[in-house]
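To start, the structure under review is shown below, and the notes come after it.
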Amino acid sequence: MFSMRIDKIIRHSDDVSTLFFSSRLRSYPGQFIMLNLPRYEEIPLSLSSPNSVTVRAVGETTYALIRLSAGEIVGIRGPFGKPFTPTDGKALLVAGGIGAAPLYYLHDYLKRRGAEVKVLFGARKAEELVWKDRFSVLMVATDDGSEGLRGTVIDLLKEEELQQYDRIYVCGPEEMLRKAFTHLKEKEVLGKAEFSLERYMKCGIGVCGTCILEDGSRVCAEGPVFSGKDLEGVEF
Amino acid sequence: MLEIDVASLKMKSPLVLASGVLGSFSPSLSRVAEHAGAVVTKSVGLQPREGYRTPVIINTPHGLINAVGLSSPGCEEFSKELSKFRGDAKLIVSLFASEPDDFVKLSSYFDMADAFELNLSCPHVSDAGLTVGSDPELVKEIVEKMKSRSSKPVFPKLSAATDYIEVAKAAEEGGADGIVAINTLRGMAIDIGTRKPILSNISGGVSGEGIKPIAMKVVWDLYEELEIPVIASGGATTWRDVIEFILAGARAVQIGSAFFYSYRVFYSIKESLIAYLRKEKISLNELVGMAHKTV
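Residue numbers (the numbering used here), protein chains in the order written: chain A, 1319 to 1554; chain B, 105 to 399.
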């Protein structure tokens, strides 16, 4: 473990913040870190850029994290895990709620490689479309219709002509992942789709066995990014 | 080519998954079992146990330090989980308890087990593990009671941080079928940035490459002192480490922390062992304890 200073914090909303570290981590989009907030817990968080994590308050530790002040020191292990496979062709990013976090990083990374990137972003309401101006070509959906299409990101996905994309990247809550998986399977494009999974983790390095999938894969090591083909027949 | 017997267990290879690593769920146990002779589960107790708050594991340049705190769903839930084990290797269930009768009671939940490992050496929980395993009389009583109720092999796992020869001899007298040595050794790490101990439990158990020479000496000593087989555990990471432990007297070698490097570690070590035995034109059985004959 090493430690880093928090340089800057953006409060996007009541329950979501982005924390910027004092230096960039040698990393790839899709990878995560184990972040240890002293006096609280150590938790896995996807990188939202080489020097940031974007966090939603869901428990004691994340609640404290989003309220940190610049200058505080946090412990970091990682980055760990298998990243997204990049493309320099056409990319479709599908984000549900805070699942957008690793896709901010992926978006910038793909654009720098010259890829053509389109983002579908869904949330319950407009305020939860966190940091949406980070995405240059964007379509949004909200459950309550407060912004964009009234519906879900899956409704947006169903409107897309999927054959045109070289890669499709999906990250969001489990139910959304499963629906996206079903749709992409139906359209026979699973082979170019990648899903970022979330599981409770203790070690982050493939030894503790807490984040095991049905087929024995470790989300922290074989994942968190899995290809659609790898997830066929696996309950997730 | 790698077949070996450890007590009455006929194993397809001397490689054994160490307890506490990838052993909480059947899918990972089954996957590791593909290239292992046996897999040892995460230790289970009678009651569910939360374990400690994270951070519970840290990686260092020479191995890992953990204080997971014997987290466990309890024997009832865990036996349901293990009923889904489909692996092609012996299933060894690791038990922890404070009282001899509790070990016996625990074992009754696990019909699917081919053998039991007794965790008498976890260094970071106050009422179990090493606290129990430092008392030779108590160890003997636990093993005797276990053996009087079941014909399944029983392997007490000992710590190097105790009078291990005395404890191992007591276990042998009690009827143990083999000894597993060693468990993790007490250790800790402090982060110089936050100036705080990293693990929530402050200290934990050190495993991995750093403790291999210590485990080697314990295996060596136990081979000299005991009639029953010794199963090595402590830092084996490469096929060379496995051969070294076998030369010191181990009939089987546990591997755990090495999964930090690769999920395929059992496969690659297995293939390397086969290549080594072919090249040297020697059998595993001949290699066991061979280094003792040279001194």
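Backbone N, C-alpha and C define an ideal beta-carbon position, used for all residues, glycine too.
Item: Residues of chain B with CB under 8 Å from residue 1540(A), in chain order?; Value: 367
Item: Whole angstroms is fine: what's the gap from residue 141(B)'s alpha carbon to residue 193(B)'s?; Value: 5 Å
Item: Look at the alpha carbon of residue 1593(A) and the alpha carbon of residue 1374(A), and state the distance between them as a whole number of angstroms.; Value: Since the first residue shown for chain A is 1319 and the last is 1554, residue 1593(A) is missing from the structure and cannot be characterised.
Item: Quick one: complete alpha helix (DSSP H) runs, 4+ long, within the region 121 to 158 of chain B?; Value: 130 to 137
Item: Suppose the cutoff is 7 Å on Cβ atoms and the five residues either side in sequence are ignored; what does the same chain contact list for residue 1528(A) look like?; Value: 1518, 1519, 1520
Item: So, with DSSP's three-state summary, where would you put residue 260(B)?; Value: strand
Item: If you measure from the beta carbon of residue 1354(A) to each beta carbon in chain B, is any gap under 8 Å?; Value: yes
Item: Would you grab the beta carbon distance between residue 378(B) and residue 105(B) for me? Rounded to a whole angstrom, and I think it's under 8 Å.; Value: 5 Å
Item: For a contact defined as C-beta to C-beta under 9 Å, what are the partners of residue 1533(A) on chain B?; Value: 131, 135
Item: Can you name the residues that DSSP bridges to residue 1510(A)?; Value: Per DSSP, none; premise fails for residue 1510(A).
Item: What does DSSP give as the partner residues of residue 1487(A) in its beta bridges?; Value: 1411(A), 1512(A)
Item: Give the straight-line distance between the Cα atoms of residue 1320(A) and residue 1402(A), rounded to the nearest whole angstrom.; Value: 25 Å
Item: Between the Cα of residue 1412(A) and the Cα atoms of 1530(A), 1438(A), 1371(A), 1542(A), which residue gives the shortest distance?; Value: 1438(A)
Item: Interface residues of chain A around residue 162(B) at Cβ under 8 Å?; Value: 1319, 1395
Item: What residues of chain B sit near residue 1359(A), judged by a beta carbon separation below 8 Å?; Value: 157, 158, 159, 304
Item: Once the 5 residues before and after residue 1540(A) are set aside, which same chain residues still bring their CB inside 7 Å of it?; Value: 1400
Item: Would a check of beta-carbon distances place residue 125(B) closer than 8 Å to chain A?; Value: yes
Item: Give me the Cβ distance between residue 295(B) and residue 302(B), rounded to the nearest whole Å; I'm assuming they're in contact under 8 Å.; Value: 5 Å
Item: Between the region 1506 to 1523 of chain A and chain B, which residues of the former have CB atoms less than 9 Å from a CB of the latter, in chain order?; Value: 1519, 1520, 1521, 1522, 1523
Item: Which residue from 1526(A), 1508(A), 1493(A) puts its Cα closest to that of residue 1516(A)?; Value: 1493(A)
Item: Among 1543(A), 1547(A), 1524(A), which one has its Cα closest to the Cα of residue 132(B)?; Value: 1524(A)
Item: Using 8 Å as the threshold, is the region 179 to 199 of chain B in touch with the region 116 to 132 of chain B, meaning 3 or more CB pairs across them?; Value: yes
Item: What in chain A is Cβ-close to residue 225(B), meaning under 8 Å?; Value: Result: empty, since nearest Cβ-Cβ is about 18 Å, beyond 8 Å.
Item: So, for residue 1436(A): in the same chain, excluding its five sequence neighbours on each side, which residues have a beta-carbon less than 6 Å away from its beta-carbon?; Value: 1410, 1455
Item: Less than 6 Å between C-beta atoms, sequence neighbours within five positions excluded: which residues of the same chain meet that for residue 1552(A)?; Value: 1531, 1532, 1533
Item: Within the continuous beta strand (DSSP E) that includes residue 1366(A), where are the two ends?; Value: 1360 to 1367
Item: From the DSSP output, read off the bridge partner residues of residue 1542(A).; Value: 1400(A)
Item: Considering only C-alpha positions, which residue in the set 1355(A), 1389(A), 1394(A), 1424(A) is nearest to residue 1347(A)?; Value: 1424(A)
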